[in-house]
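Q: Residue numbers (numbering that gives the first Met the number 0): 0 to 367.
Just so it is clear, CB atoms sit at the ideal spot from N, CA and C, and this is done for glycine as well.
Everything numeric in this text was worked out from a predicted model, so none of it was measured.
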Amino acid sequence: MIPETIEGYGVRLRPTRSTDVPDLVAGCTDPQTRRYLPALPDPYDADSARWWIAEGEPAVWAAGGCAYAVADPETDRLVGGVGLTRLAVARADFEIGYWVVPWARGRGVATAATRLLGERAFATGAARLELLTHRENEPSQRTALACGYRHEGVRRAAGAARDGVRHDLVAWVRLADDPPGPTARLLPDLPSGRLSDGVVTLRRLEPADADALHRLHTLPEVVANRVPPVPPDRESIARRCRLAAGYWLAGDAADLAILETATGALVGGCALGYDEPATGQATLGYSLLPEARGRGLAARAVRLVAGWAFGVGVARLWAGTRVQNVASQRVLERAGFQREGLLRGRVPGAAGERTDSVVFGRLASDRD
Ligand SMILES: CC(C)(COP(=O)(O)OP(=O)(O)OC[C@H]1O[C@@H](n2cnc3c(N)ncnc32)[C@H](O)[C@@H]1OP(=O)(O)O)[C@@H](O)C(=O)NCCC(=O)NCCS
């Protein structure tokens with residue numbers, strides 16, 4: 000049985016009470032809270048908060064879960080909420096969820112509250128805690144990792160936005176016997192968020208990169224090297240930029256913008272896909288806008304990404320080029336890759352035909 004009040008480091012979990020109503024309303028009308036917790040009443044006002052205290056919270060307990068106000072232990076003021084929903088009695092399986100008022104974010108409240116409730120849940124019989132996040136909810140995915148939850152997969156169309164449109168949710172899971180501490184990431188953050196050699200700078204793709212990236216990926220010579228070679232629409236590129244943080248945190252891909260250091264202008268893109276973590280193998284793709292070509296910037300970018308990737312544990316990098324794409328093959332050679340062979344019919348062409356690919360590879364142990 001989980002107790003009514005739990006004291007932890009930096010947070011107190013306690014029942015929500017009537018004096019919390021103004022903070023509850025402020026927290027639950029915040030746009031981020033509303034976006035990522037779409038089941039909250041709409042609009043959310045003092046009556047909604049009073050309903051939660053009188054009926055909502057007791058109903059969660061009655062169904063075998065628990066719901067707490069997260070309070071600042073110094074002042075007892077409400078700074079958020081955290082709770083468990085029972086998923087399957089026989090499997091001792093629960094879903095955990097949380098939110099934090101905007102003025103208390105970014106100082107470890109969610110991490111402390113989620114760890115604390117998780118420890119209590121495991122100590123009182125839970126076997127598995129599942130946390131479902133929107134792929135664009137970077138703070139929540141970072142909270143999951145900080146609390147030792149592992150990326151398990153995607154629940155397709157498991158979420159529904161307020162307008163009814165369904166979207167995928169990412170499943171993060173912690174088991175009772177998982178090791179303590181944060182989850183180690185396959186692809187850690189870049190040091191200070193950047194890689195630079197003084198001429199080019201790389202950083203994670205951002206939503207604001209969508210226009211430049213769309214221009215890049217609809218150039219005929221860039222399209223010809225896409226798999227399959229079809230121009231993407233603006234929305235798929237915008238989505239790629241919005242989801243870059245999520246894929247990175249999940250350890251799937253490091254999708255980067257290449258900037259000219261002197262001007263800060265986006266001149267290209269470089270993506271590392273962690274296609275085979277079990278063997279330490281990742282793949283690279285890159286392209287530059289026409290005005291940035293012919294100055295060795297792509298080789299600089301590939302060299303920077305390779306250096307970072309080998310430093311975080313990737314053992315082998317490979318890239319495939321079309322047979323006639325001599326410029327790309329030169330980029331790889333200049334970045335220390337070796338030509339390894341020809342894979343016949345490796346990638347699909349525009350009309351369903353198969354296209355050969357020249358494979359280049361570089362090992363962490365290769366000399367620079
Ligand atoms: C998600 C949420 C609860 C996080 O609360 P918080 O108290 O700010 O989280 P913490 O301070 O414990 O930080 C947790 C991690 O998120 C990171 N983080 C916090 N704010 C961030 C931001 N705006 N952008 C990117 N990362 C952020 C922190 O750096 C930390 O990661 P680290 O361990 O790698 O350093 C809060 O943003 C929120 O209430 N959002 C709206 C509701 C919601 O999304 N609930 C979860 C639904 S799944």
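Can you look up T74 in the DSSP assignment and give me helix, strand or coil?
A: The answer is coil: DSSP assigns T74 none of H, G, I, E or B.
Q: May I ask whether a heavy atom of ligand 1 can be found less than 7 Å away from the beta carbon of P42?
A: No, the Cβ of P42 stays beyond 7 Å of every heavy atom of ligand 1.
Q: So within the region 162 to 232, which uninterrupted beta strand (DSSP E) runs reach at least 3 residues, ignoring any that extend past its ends?
A: As far as the region 162 to 232 is concerned, its whole beta strand (DSSP E) runs of at least 3 residues are 165 to 174, 199 to 203.
Q: Beta carbon of S139: closer than 7 Å to some heavy atom of ligand 1?
A: Indeed, a heavy atom of ligand 1 lies less than 7 Å from the Cβ.
Q: Let me check understanding here. Comparing Cα to Cα, which of A68, V69, E54 lies closest to A62?
A: Of the candidates A68, V69, E54, the one whose C-alpha sits nearest the C-alpha of A62 is E54.
Q: Alpha carbons only, please: which of V266, V358, E129 is nearest the one belonging to R343?
A: Cα-wise, what sits closest to R343 is V358.
Q: Taking the beta carbon of W102 as the centre, do at least 16 other beta carbons fall within 10 Å, making it buried, or is it exposed?
A: Result: exposed.
Q: If we count the other Cβ atoms within 10 Å of its Cβ and call it buried at 16 or more, is Y8 buried or exposed?
A: So Y8 ends up on the exposed side.
Q: Hey, how far is the Cα of R127 from the Cα of W317?
A: Straight-line Cα distance between these residues: approximately 37 Å.
Q: Considering just the uninterrupted stretch of the beta strand (DSSP E) at Y97, what are its terminal residues?
A: Run containing Y97: 92 to 99, per the beta strand (DSSP E) assignment.
Q: At which residues does the alpha helix (DSSP H) containing V357 begin and terminate?
A: Not the alpha helix (DSSP H): V357 falls in the beta strand (DSSP E), residues 353 to 362.
Q: Please name the residue, chosen from L194, D210, W247, that lies closest to V301 on a Cα-to-Cα basis.
A: The shortest C-alpha separation from V301 is found at L194.
Q: At a cut-off of 7 Å, would you count G107 as near ligand 1, judging by its Cβ distance to the nearest heavy atom?
A: Within the cutoff, so yes.
Q: Rounding to the nearest angstrom, what Cα-Cα distance links P289 and Q337 in this structure?
A: Roughly 26 Å separates the two Cα atoms.
Q: Based on the DSSP output, what are the partners of A281 in its beta bridges?
A: Note: A281 sits in a beta bridge opposite L316.
Q: Relative to the C-alpha of V229, which residue among R239, L218, R238 is closest?
A: Residue L218 is the option with its Cα nearest to V229.
Q: Distance, Cα to Cα, I52 vs S17?
A: If you take the alpha carbons of I52 and S17, they lie about 7 Å apart.
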